[in-house]
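Residues in the sequence shown are numbered from 147 upward in steps of one, following this note's numbering.
Glycine included, every Cβ here is placed at the ideal spot set by N, Cα and C.
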Amino acid sequence: MRAWCAPLMLFVLCAAPLQAWSALDAAVVKLLGSETTDDRIAAIGQLAASQDPLAAALLRGLGEDSVYQLEDGRLLIVSNDTAVDAATGTAVTPVPEARDQLIMNNRLRKVLESAQAGGKLLSPDRAVRLAAAHDLQT
């Protein structure tokens, strides 16, 4: 009976943190609104390493200039008439009028493109991986 107890406990202890590793950290998301480029680059790197689909949507939103910062520091991904809180994924209605678009300079755009291509290297689709490798070479 005790022979299965140790492997089960090991599995539980190893698997429990996996969910936390893939969740978006509000502090990391908030760094995207930082004044310093280095903070924003660090946040992009951490989000690119996440397996959370919300992180991918946030990075895509940055590339499409659809991420906005509210006065309280929260970030929103805005598309047409809908807004989503970038950290939690919850819908924000109505879309706040008082918001500032996050500006991406060329250095940040290059980091973002590399991060997105790096994430595509893990795709199960061979064609996507090949395209990502080509993107990283340029």
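Nearest-angstrom beta carbon gap, residue j and residue i [assumed within contact, 8 Å]
| i | j | result |
| --- | --- | --- |
| A263 | A278 | 5 Å |
| A189 | L200 | That pair is no contact at about 14 Å. |
| T183 | L254 | 6 Å |
| K176 | G219 | 6 Å |
Residue(s) in a DSSP beta bridge with residue i
| i | result |
| --- | --- |
| Q247 | Y214 |
| D171 | None, per the DSSP bridge assignment. |
| D185 | BP columns for D185 are empty, so no partner. |
| D231 | L222 |
| A237 | V230 |
Inter-residue Cα distance where the pair is residue i and residue j
| i | j | result |
| --- | --- | --- |
| K266 | L282 | 10 Å |
| A273 | L258 | 21 Å |
| G235 | D227 | 16 Å |
| D246 | L276 | 36 Å |
| D185 | S196 | 17 Å |
| A203 | H280 | 22 Å |
| E210 | A172 | 21 Å |
| P270 | D198 | 16 Å |
| S168 | L208 | Note that S168 scores 41 on pLDDT, short of 50, meaning its location in the model is unreliable; the coordinates nonetheless yield the value given after this. Cα to Cα, S168 sits roughly 19 Å from L208. |
| A194 | L268 | 11 Å |
Under 8 Å between C-beta atoms of residue i and residue j
| i | j | result |
| --- | --- | --- |
| A261 | L216 | no |
| V238 | D231 | yes |
| Q192 | V174 | yes |
| A233 | L170 | yes |
Is the number of C-beta pairs between the segment 220–240 and the segment 249–259 that are closer than 8 Å three or more?
-> Because the criterion of three Cβ pairs below 8 Å is not met, the segment 220–240 and the segment 249–259 do not touch.
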